[in-house]
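Single-structure report; data block below.
Numbering (UniProt numbering), first residue to last: 1 to 128.
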């Protein structure tokens, strides 16, 4: 079976790397599902969204909140380059809820802080 070579990185670290069957990313133009054999693409990640990776070995899906950034597809290689990235199991749900409450109480609807807090909760599988 064909697979994708995937790398999810932030300025601080390599967040996840490995072989995958599917990658789903939210771009500024809409959601994009990436399978092996996908045409080359360079896209802009939606700030405060979730990237989902389905590992080729059948293990549990990887979910990560991403801040602004880019992704590229070339051949069967997918690079996700995010300003900020946090895997679901690393997310402190209580902290994410506090961040969301603070963003909402600031009165600015649809701020970066609000979108990122909601994405953290979504990635972690918690209600936003």
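Quick reminder that beta carbons are idealized off the backbone N, C-alpha and C, glycines included.
Coarse secondary structure for residue i, derived from DSSP in three states
i	result
residue 12	coil
residue 101	helix
residue 83	coil
residue 4	strand
residue 60	coil
residue 39	coil
residue 106	coil
Residue burial classification, residue i (beta-carbon count within 10 angstroms, cutoff 16)
i	result
residue 19	exposed
residue 72	exposed
residue 74	exposed
Within-7 Å CB hit, residue i to chain C
i	result
residue 77	Among the protein chains of the structure shown there is no chain C, as only one such chain exists.
Beta-carbon proximity list for residue i, same chain, < 8 Å, skipping 5 on both sides
i	result
residue 21	1, 3, 4, 35, 36, 54, 55 and 56
residue 31	24 and 25
Top-ranked residue by Cα proximity to residue i, from the options
i	options	result
residue 41	14, 50, 121 and 29	29
residue 16	95, 80 and 76	80
residue 111	48, 12, 39 and 13	48
residue 25	78, 117, 11 and 39	78
residue 123	92, 107 and 106	92
residue 46	125, 126 and 119	119
Residue i - containing beta strand (DSSP E), residue span
i	result
residue 52	49-55
residue 74	69-74
Close Cβ partners of residue i (< 7 Å) along its chain, the five nearest in sequence each way excluded
i	result
residue 113	99 and 103
residue 44	27, 28 and 70
Limits of the unbroken alpha helix (DSSP H) element including residue i
i	result
residue 32	First-last for residue 32: 30-34, but that is the beta strand (DSSP E), not the alpha helix (DSSP H).
residue 112	112-124
Close beta carbons around residue i, own chain, < 6 Å, minus the five adjacent residues each side
i	result
residue 83	67, 68 and 69
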